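Numbering (this note's numbering), first residue to last: 13 to 156. Heads up, the beta-carbon is just placed ideally off N, CA and C, and yes, glycines get one too. Everything numeric in this text was worked out from a predicted model, so none of it was measured. Right, one structure below, let's go through it.
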Ligand SMILES: [Zn+2]
């Protein structure tokens with residue numbers, strides 16, 4: 013981690029050097045002071061650059077974590093359900109069924125990859141349109 017206190021104290025040193033050099037007539041001493049000031053400023057600049065990179069990295073991590081959390085929250089709306097023949101699907105919990113989100117099941121394999129794929133349904137099988145896995149169900153598993 014970049015030490016922000018170190019950057020601050022470097023800038024303070026540069027400021028003090030500049031203030032001390034202001035009243036000095038000796039050119040060599042002024043040049044030395046200026047060179048030290050430049051060193052401090054360069055160090056501060058590198059520090060800030062590094063800090064900016066770390067800041068960006070934190071922003072990226074934060075975004076990824078938020079995406080992950082919102083994905084997991086979406087999957088929390090489903091419960092694992094065993095079909096009569098022993099297959100498994102993830103069925104939308106009743107409390108999440110709305111007019112815009114009708115009762116349906118999603119693919120359990122896809123969910124393990126973080127994908128939410130609603131299953132197509134025919135009289136005997138759920139079909140995953142993405143991984144093409146078919147899981148048996150009976151007529152009465154889900155109301156149409
Ligand atoms: Zn699938």
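| message | Cutting at 6 angstroms between CB atoms, please list the residues of its own chain near residue 45, excluding the five before and the five after it. | response | Position 33 of the chain shown holds residue 45. Excluding sequence neighbours, residue 45 sits near 29 and 33.
| query | Whose CB is closer than 6 angstroms to a heavy atom of ligand 1? List the residues in chain order. | reply | Residues flagged by the Cβ proximity filter: 119, 121, 122, 129, 140, 142, 143 and 145.
| task | Could you tell me the distance, in whole angstroms, from the CA atom of residue 128 to the CA atom of residue 61? | result | Residue 128 sits at position 116 when you count from the first residue of the chain shown. Residue 61 sits at position 49 when you count from the first residue of the chain shown. Cα atoms of residue 128 and residue 61: separation of roughly 40 angstroms, rounded to the nearest angstrom.
| field | Nearest-angstrom Cα separation, counted from residue 115 out to residue 137 | value | If you number the chain shown from 1, residue 137 lands on position 125. If you number the chain shown from 1, residue 115 lands on position 103. Roughly 16 angstroms separates the two Cα atoms.
| field | Cβ neighbour criterion (16 or more within 10 Å) applied to residue 26 | value | As a working note, residue 26 is residue 14 in the chain shown. It is buried - the Cβ of residue 26 has at least 16 other Cβ atoms within 10 Å.
| task | Output the boundary residues of the beta strand (DSSP E) element that contains residue 101. | result | Taking the chain shown and counting its residues from 1, one reaches residue 101 at position 89. According to the DSSP assignment, residue 101 belongs to the beta strand (DSSP E) that extends over 100-104.
| query | Between 98, 111, 52 and 90, which lies nearest to residue 118 when the distance is taken from Cα to Cα? | reply | Counting from 1 along the chain shown, the entry for residue 118 is found at position 106. Ranking 98, 111, 52 and 90 by Cα distance to residue 118 puts 90 first.
| Once you ignore the five residues that flank residue 144 on each side, which residues in its own chain have a CB closer than 7 angstroms to its CB? | Taking the chain shown and counting its residues from 1, the one referred to as residue 144 is at position 132. Residues of the same chain with a CB within less than 7 angstroms of the CB of residue 144, apart from the 5 flanking positions on each side, do not exist.
| request: Count the other CB atoms, across all protein chains shown, that sit within 10 Å of the CB of residue 19; report buried if there are 16 or more and exposed otherwise. | output: In the chain shown, the residue the question calls residue 19 occupies position 7. Buried is the call here.
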